[in-house]
Structures are given as C-alpha cells and as structure tokens.
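**Student:** Residue numbers (the working numbering), protein chains in the order written: chain A, 10 to 353; chain B, 10 to 353.
2 protein chains.
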Amino acid sequence: MSKDLPAANKSRRRSDQITLSQVAQAAGVSPITASRALNHPDKVSDSTRQSVLESVERLGYVPNLVAGSLASSRSRLIAVIVPSLINSVFVEVIKGLQETLEAQGYQILLGNTDYDLDREYQLVRTFLGWSCSALVTAGLRHNDACHTLLANCGHPIMEVMELGNGIDLNVGLDHVAAGRCMASHLVDRGYQRMVYVGARLSHDYRAGMRYEGHKAVLKAKGLEAPLLELDTLGSLQAGAESLAQVLQDYPATQAIHFANDDLAAGALLAAQRQGLTVPGDIAIAGFNGLPLGQHITPKLTTILSPREDMGRLAAQELIRRLSGKSVYRRQHDVSFTLQVGEST
Amino acid sequence: MSKDLPAANKSRRRSDQITLSQVAQAAGVSPITASRALNHPDKVSDSTRQSVLESVERLGYVPNLVAGSLASSRSRLIAVIVPSLINSVFVEVIKGLQETLEAQGYQILLGNTDYDLDREYQLVRTFLGWSCSALVTAGLRHNDACHTLLANCGHPIMEVMELGNGIDLNVGLDHVAAGRCMASHLVDRGYQRMVYVGARLSHDYRAGMRYEGHKAVLKAKGLEAPLLELDTLGSLQAGAESLAQVLQDYPATQAIHFANDDLAAGALLAAQRQGLTVPGDIAIAGFNGLPLGQHITPKLTTILSPREDMGRLAAQELIRRLSGKSVYRRQHDVSFTLQVGEST
DNA sequence: AGAAGTAATGGTAGCGCTATCATGACAGCG
DNA sequence: CGCTGTCATGATAGCGCTACCATTACTTCT
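(1) Evaluate aspartate 342 of chain B with the Cβ neighbour count: other Cβ atoms within 10 Å of its Cβ, from every protein chain shown; 16 or more gives buried, anything less gives exposed.
(2) With a threshold of 6 angstroms on Cβ separation, who are the neighbours of phenylalanine 345 of chain B within its own chain once the five nearest residues in sequence on each side are excluded?
(3) Quick one: grab the DSSP three-state call for glycine 248 of chain A.
(4) Mind checking whether valine 145 of chain B and valine 89 of chain B have CB atoms under 7 angstroms apart?
(5) Determine which residues share a DSSP beta bridge with methionine 167 of chain B and list them.
(6) So, is the C-beta of serine 82 of chain B closer than 7 angstroms to a C-beta in chain A?
(7) Closer than 7 angstroms, CB to CB, is glycine 138 of chain A near chain B or not?
(8) To the nearest angstrom, how far is it from the Cα of serine 352 of chain A to the Cα of alanine 264 of chain A?
(9) What distance in whole Å lies between the Cβ atoms of proline 165 of chain A and arginine 330 of chain A, which are believed to be in contact at a cut-off of 8 angstroms?
(10) Along chain B, in chain order, which residues have C-beta atoms closer than 9 angstroms to that of arginine 282 of chain A?
(11) Starting from the C-beta of glutamine 107 of chain A, find all residues in its chain whose C-beta is less than 7 angstroms away, skip the five residues before and the five after it, and write them out in chain order.
(12) Please confirm if alanine 323 of chain A has its CB atom under 7 angstroms from at least one CB of chain B.
(13) Is it the case that the segment 149-163 of chain A contacts the segment 128-140 of chain A, given that we only count it when at least three CB pairs across the two stretches are under 8 angstroms?
(14) Mind checking proline 260 of chain A: buried by the 16 CB within 10 Å criterion, or exposed?
(15) Excluding the five sequence neighbours on either side, which residues of its own chain have a C-beta within less than 8 angstroms of the C-beta of alanine 247 of chain A, listed in chain order?
(16) Can you pull the chain B residues whose beta carbon is under 7 angstroms from the beta carbon of proline 72 of chain A, in chain order?
(17) For alanine 268 of chain B, which of helix, strand or coil comes out of DSSP?
(18) Does any CB atom of chain B fall closer than 7 angstroms to the CB of alanine 76 of chain A?
(19) At the 7 angstroms Cβ level, is isoleucine 27 of chain A part of the contact set with chain B, yes or no?
(20) Within 7 angstroms of any Cβ in chain B, is that where the Cβ of arginine 209 of chain A sits?
(21) Pairs of beta-carbons, one from the segment 75-82 of chain A and one from the segment 289-297 of chain A, closer than 8 angstroms: are there three or more?
(22) For the segment 211-225 of chain A against the segment 277-289 of chain A, are there 3 or more C-beta pairs whose distance is under 8 angstroms?
(23) Whose CA, out of A/Val196, A/Gln325, A/Gly243, lies closest to the CA of lysine 224 of chain A?
(24) Under 7 angstroms, do leucine 168 of chain B and leucine 137 of chain B count as touching if we go by C-beta distance?
(25) Is there at least one non-hydrogen atom of the ligand SAH closer than 6 angstroms to the beta-carbon of serine 93 of chain A?
(26) Express the C-alpha separation of threonine 57 of chain B and leucine 110 of chain A in angstroms, rounding to a whole number.
(27) Checking 7 angstroms against the spacing of the C-beta atoms, do valine 32 of chain A and leucine 68 of chain A come in under that value?
(28) I want to see whether chain A comes within less than 7 angstroms of alanine 16 of chain B, judged by CB atoms only; does it?
(29) Could I get the ranges of all uninterrupted alpha helix (DSSP H) runs contained in the segment 28-60 of chain B, with 4 residues as the minimum, in chain order?
(30) Does aspartate 197 of chain B come out as helix, strand or coil in the three-state DSSP assignment?
(31) Considering only the alpha carbon of each residue, which of B/Asn96, B/Thr306, B/Gly199, B/Ser20 lies closest to histidine 8 of chain B?
(32) At which residue ranges does the segment 102-152 of chain B contain complete beta strand (DSSP E) runs of 3 or more residues, listed in the order of the chain?
(33) Note down, in chain order, every chain A residue with its Cβ under 9 angstroms from the Cβ of isoleucine 291 of chain B.
(34) Report the rounded CA-to-CA distance for histidine 304 of chain B versus glutamate 250 of chain A, giving the unit in angstroms.
(35) Just to confirm, are isoleucine 87 of chain A and serine 142 of chain A a CB contact at a threshold of 7 angstroms?
(36) Using Cβ-Cβ distances below 7 angstroms, what residues of the segment 138-165 of chain A are close to chain B?
Spelled out as structure tokens, the structure:
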C-alpha cells in the first residue's frame with residue numbers, strides 16, 4: 010500500500026538488472042559475503058558458496074563490473090594500442106595477446122592510432138580513465154606527453170614489436186639487426202647493386218630501422234644503398250608499382266630488399282607477369298615471413314618474425330607482473346630467422 | 010602535526026589521481042559544474058568552462074570513466090565479438106567499425122570466441138557487466154542462453170556478416186545468394202563437374218550457406234554437387250592440399266568452387282607449381298575478393314564482399330540508434346559483386 | 001505587474017560494488 | 001584459564017562521478 014512513497018523513491022536505477030544484494034538476500038547472506046563467494050571463493054564456507062552460486066544461477070545475475078572496478082580500482086581490462094589494423098602484423102600480435110589474456114579473464118580494450126602519436130596520447134588518456142590493469146603499446150616511440158603519462162601512471166606498461174630502452178616491460182626484436190641480416194645475405198649471394206624499398210618510413214619507422222641496418226652493411230662493403238620510399242601503405246599493389254619505379258630509377262639493380270612481404274610478393278608477382286625471371290633478372294627479398302611468400306614461385310626469401318609468439322610472451326609477462334610475481338626479465342628479445350627462399 | 014588523524018583517515022583511495030572535485034575546487038566551482046563543463050559544455054557559461062578546462066590542463070586531470078559510467082550507466086564502450094582474428098575478413102569488419110566508432114568517442118571492447126558459442130555467451134555476460142552501450146556480434150547464430158541474454162539486455166544489438174532475422178539491427182549479405190551467384194557463373198561458363206571445397210563448415214557456417222546456394226543451382230541443372238570439407242582452417246596451405254585431394258577423389262572435375270580466396274589462391278598457386286593450367290585443366294573460383302586474387306596469374310574469379318563498408322555501416326547505424334535518432338532501417342543488405350577473373 | 005519561462009549553478013544522494021575493520025565462535029597453548 | 005590465532009561472517013563507509021531537484025537571477029509574455 011505504502012510502496013512508492015515519494016520520500017523513499019530516491020532510487021536512480023535505470024536498469025532493472027539483478028544486483029548482488031538481491032542475490033545475497035536470496036541466498037540468505039550479506040552482500041559482502043556474496044561478493045566474497047564470487048571473487049574469493051576460498052574465503053567462504055562451502056555451503057555458503059553453493060547457495061550463493063545457486064542464487065546467481067537462478068536469478069540470472071550478471072555482475073556489474075563497472076561498480077566492482079570502481080570499488081576495487083582493478084578492472085581486468087588491458088588496453089592494446091596499435092598503429093594499424095590493415096597491417097596483419099599487428100593483428101597477429103593482438104591474436105597472441107588476446108588468446109593468453111582472455112584465458113586469464115582479462116579483456117582487451119583495443120585502440121588504433123593510425124600512426125598518429127597525438128591520437129595515441131588521447132587513447133592512453135582514455136584507457137587510463139578505465140583504470141586498465143595494464144597498457145600494451147606497439148612500439149617504443151611516443152610523444153612527450155604520452156611518455157610522461159605512461160611512465161607515471163603506475164600501471165604496468167608493455168611495449169612490443171621492437172627491442173630497446175622501454176618505459177617498463179619490453180618484448181620485441183632488433184629491427185636494425187634484421188636489416189643487417191638480410192643485407193648480408195644479399196651481399197653473400199653476390200649482389201652489388203640493390204635498392205631498399207619501404208612504404209611511409211616515418212610511420213613504419215621499424216622498416217626505417219631495418220633500412221639503417223641494410224645501409225650499414227652495404228656501406229661497410231663500399232656499396233651504395235639507395236632508398237625508394239613509397240607514399241602509400243605497403244600492399245601487393247604498391248609492391249607491383251614500386252618494381253617498375255625501381256627498374257626505371259635504377260636500371261642496373263640486381264636485387265630489391267623490400268620492407269615487408271606484401272611489397273615483396275607484389276613485386277614478385279608483377280615481375281612474373283612482365284616475364285622477368287626472379288632471381289635471374291632481379292632478386293627479391295622481404296620481411297615478416299607471411300605464408301604467401303612460401304606459396305608463390307619462386308619462394309620468397311624473407312625474415313620470419315614470431316608475431317603471435319611476441320603477443321603471447323608479452324601477455325605472459327604482463328600476467329606474471331600483475332599477479333605480483335617478480336618479473337623474469339623486463340626485456341625479451343624474440344629474435345628472428347632468415348628464411349632463404351628461391352627469390353634471391 | 011595532526012595530519013593522518015586516525016578518525017579522519019577513512020579514505021580508501023589507492024591511486025593519488027586528480028579527481029574532478031579537485032579540478033572544481035581549483036576552478037572555484039562545484040564538482041557538478043565541473044562535470045557539466047566537461048560533459049555538457051553548452052550548459053555552463055563560457056567563463057566557467059574556460060576556467061574548468063584550464064584547471065583540467067594545469068592539474069593533468071584524467072577523468073575516471075569507471076566512476077562516470079557507474080553514475081550514469083552509460084559507458085561509451087562497444088563490445089565487438091568475432092569468432093576469429095586469423096580470418097582477415099573479421100579484422101576488416103572490425104577496422105570499419107573502429108574507424109567510425111572511435112571518431113565518435115566510443116571504444117571497442119574486443120572479444121574472440123574461437124567459433125565457440127559457449128565462449129560467446131561468456132563474453133556477452135562479461136561485456137554486459139561493463140554496461141556496454143551496444144554489442145556487435147559476427148553472425149546471427151547464438152546458443153539459447155546467449156540469444157535470450159542479448160534479446161533482453163536492453164542494449165542495441167548489431168549482428169553483422171550475414172543477412173537474416175536478427176535480434177535487433179542487422180547488416181550483412183546473403184550468403185546463399187552469393188553461392189548461387191558463383192555457381193551460376195560456373196554453369197554459364199559450361200562447367201558440368203565441379204566440387205565445392207570448404208573448411209570446417211560447422212564453424213564457418215556462412216561458407217556452408219554458400220554451399221547451399223551452390224548446390225541448389227547445380228541440382229536445378231541436374232548436376233551433382235559434391236562437397237569436400239577440410240578439417241583445417243582455411244589457408245593457402247589447406248587450399249594447396251585440397252587441390253590434390255579433389256583431383257584424387259573426383260578425377261574428372263572441371264572446376265572447383267572454394268569457400269574463400271585463401272583456399273582458392275592456395276590451390277591456384279599449387280596448380281601452377283604442378284604445371285596444371287588454370288582454367289584449362291581446372292577452373293578455380295573463390296570468395297571474398299582479397300587483393301591477392303588480383304595479383305596472381307591468372308586473376309582469380311571471386312565474389313567481392315564489402316567488409317570494411319559493412320563495419321562502417323554497422324557503426325553508423327549503431328551511432329544513429331544510440332543518439333536517439335530513429336533508425337533508418339533495421340536491416341541492411343550490403344550486397345556483393347561477382348568479380349570475373351581469368352581463373353574460370 | 002504578476003505569471004511563467006530560461007539559464008547558470010549548487011546540494012544531496014545515490015550508482016553497485018568491495019576494502020576495512022569489527023565481531024563472534026572455536027581451536028591450540030603453556 | 002586466560003591468551004592469542006584462525007575462520008566465517010557482517011556493518012560501515014566509501015570508490016569518483018552524475019541524476020535529480022532546488023535555488024537564484026534574469027527575461028519574456030499577456
């Protein structure tokens with residue numbers, strides 16, 4: 010009769026979701042005990058836990074993680090910030106991260122910077138607002154504000170992809186060394202005149218680091234190391250077009266060292282269409298070790314980077330850190346493998 | 010001297026983050042006015058807004074979105090649940106979603122079911138716990154519990170990829186029609202004996218729907234429609250292997266209709282290696298319209314599906330819905346295009 | 001002139017959960 | 001027998017923010 014008393018009707022609940030208090034009431038315990046039954050099962054008696062779980066099931070209770078996070082300031086969210094989703098490399102890292110993190114009950118908050126460091130800063134701010142348990146960024150380069158924020162936010166930071174002097178944790182590989190590795194291979198094969206082809210090296214600065222390695226090797230041998238930088242994203246199409254460009258700008262070229270397999274495969278397939286033999290007329294090398302390279306003829310010489318493993322390892326180290334265990338190593342070199350095909 | 014009074018020290022704050030109250034105090038306004046200055050800028054005077062923003066900047070305030078979401082029960086998080094990240098198709102849809110949603114200030118919570126409907130249910134539960142503004146799922150198939158939860162949770166639901174009788178909003182294409190389209194093309198080309206090759210059709214049931222379309226066309230012409238179902242994920246490698254299998258099991262086959270371009274391209278490249286001419290010895294057709302298909306020789310006949318557009322359109326419709334505008338259409342057919350190459 | 005609206009601001013009281021401390025019951029100890 | 005320790009549970013009081021209602025100072029309208 011006296012329900013909905015105006016004075017008592019101060020509730021602001023907008024959803025009529027079941028709350029933990031209702032579950033607790035149904036189970037005949039206090040809300041805090043119900044909370045413990047769900048989050049610290051070993052801290053309540055077996056019988057209590059049973060009856061709480063039974064009530065959860067019966068009422069269809071869905072925990073409000075927002076409220077839980079606010080109260081505990083722990084969210085089990087992990088922010089993952091990548092510069093691109095078009096480039097399958099980042100997707101494979103995400104895959105490795107996700108597989109491992111989801112298994113441990115973490116969720117991924119995904120951010121895409123489109124290679125814009127200011128955008129990255131904004132994303133970091135937003136994600137910090139969600140009290141993420143940790144942040145993962147692709148790469149070691151940030152703008153100053155972002156770097157400061159990351160360094161001082163108090164959450165674990167994992168920087169993946171490249172190896173170097175990171176803010177906190179770091180899993181990656183040495184891109185300069187990878188560039189050196191491939192250049193050495195090409196020199197060993199006897200090529201003297203070669204061009205490095207990359208796409209937007211200011212964005213894909215890791216490809217730029219590989220060029221540095223490439224250049225160092227060639228200079229040491231007294232060879233020129235011309236660079237062709239494309240203004241498009243790396244793609245099969247861009248690779249095909251760059252082949253023509255290289256043959257025009259550097260007609261005597263014997264080998265092309267591409268910044269990635271998409272470009273390399275595009276060029277290789279284009280060479281085939283034009284009746285050029287690879288590596289007879291022109292040798293072609295890539296980077297990444299995409300499956301495609303091993304299915305085209307001739308098989309592509311490339312450098313295999315363990316992308317999913319990188320994600321998995323990063324996730325494992327983060328989990329170790331989050332569970333309070335001492336970190337095995339702050340830095341992990343996942344290394345790379347030269348995969349000699351038939352295209353060089 | 011008298012700081013840290015035991016009686017006053019009830020605070021449970023673990024982080025020493027700046028709060029909105031501190032910003033408000035610094036700006037000489039009440040917390041609620043500061044809140045409005047940030048979230049409803051048009052509801053405060055220009056001078057107030059200026060001084061609040063100035064304090065935000067000076068103190069380095071990062072809004073606690075968890076607290077905001079709890080208070081307002083709006084999170085600006087959008088859950089995106091896909092069955093796989095290996096399959097680039099889903100990544101492209103995510104890309105389209107993200108591009109559009111991030112621009113509107115929404116963040117993506119990413120979930121991967123690995124084609125497991127129970128896992129999907131768990132993810133939906135978790136994401137509902139985050140009071141997501143909306144949920145996007147790839148596909149119309151869910152288990153009963155999941156379907157009930159989605160239908161009753163009160164949030165907008167967007168089901169993408171395929172067209173059909175959805176829970177709420179739906180953007181996709183008709184996969185049965187796509188299968189019919191390609192089969193008709195092959196029949197028109199004069200092929201009589203053809204095999205449909207798919208990978209794990211119980212998982213990739215949309216490929217199964219395309220097979221249904223394929224079969225219907227062939228049956229209508231009085232032709233057999235044998236199916237080869239692989240037990241691996243679709244990949245170049247699987248495509249290459251399936252070619253041998255088809256030639257062994259169905260030696261008289263004239264054409265192979267593959268469930269996707271990865272398989273088709275793998276088979277096409279394998280055929281080349283084996284000295285088979287395409288389409289002379291064997292015709293090959295795919296689905297998706299991946300760039301790779303247009304770079305191999307002969308160019309692959311395939312069906313182009315607008316994956317990024319699908320994501321963008323889905324995001325736009327969701328935003329329209331979330332901003333309270335009436336929805337233009339609950340269902341959108343993004344359609345597909347037959348792309349005739351040289352492989353058929 | 002008085003009613004009625006609008007714009008800018010603030011006080012209060014939650015959102016649903018969990019950290020913290022307190023309580024009572026019972027075991028083990030010299 | 002009192003003392004300390006562990007276990008299971010509960011009462012209280014926030015976490016940081018915003019919805020809701022109230023207040024004040026002005027406009028505008030009939």
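Cβ atoms here follow ideal geometry from the backbone N, Cα and C, with glycine treated the same way.
**Tutor:** So, from the listed chains and residues:
(1) exposed
(2) Leu182, Ala187, Ile312, Ser314
(3) helix
(4) yes
(5) B/Val145, B/Leu178
(6) yes
(7) yes
(8) 9 angstroms
(9) 5 angstroms
(10) His304, Thr306
(11) Ile117
(12) no
(13) yes
(14) exposed
(15) Ala208, Leu239, Thr241, Asp271, Leu272, Gly275
(16) Gly138
(17) coil
(18) yes
(19) no
(20) no
(21) no
(22) no
(23) A/Val196
(24) According to the sequence displayed, residue 168 of chain B carries glutamate and not leucine. Not in contact: glutamate 168 of chain B and leucine 137 of chain B (Cβ atoms no closer than 7 angstroms).
(25) The ligand SAH is absent from the structure shown, which contains no ligand whatsoever.
(26) 43 angstroms
(27) yes
(28) At alanine 16 of chain B the pLDDT is 37, less than 50, meaning the model places this residue with poor confidence; the figure from the coordinates comes in the next sentence. Chain A, which has no Cβ nearer than 7 angstroms to the Cβ of alanine 16 of chain B, makes this no.
(29) 29-36, 40-48
(30) helix
(31) Examination of residue 8 of chain B is not possible in this model, given that chain B is present from 10 through 353 alone.
(32) 116-121, 143-147
(33) Within 9 angstroms Cβ-Cβ: nothing; isoleucine 291 of chain B doesn't reach chain A, min ~17 angstroms.
(34) 12 angstroms
(35) yes
(36) Gly138, Trp139, Ser140, Gly163
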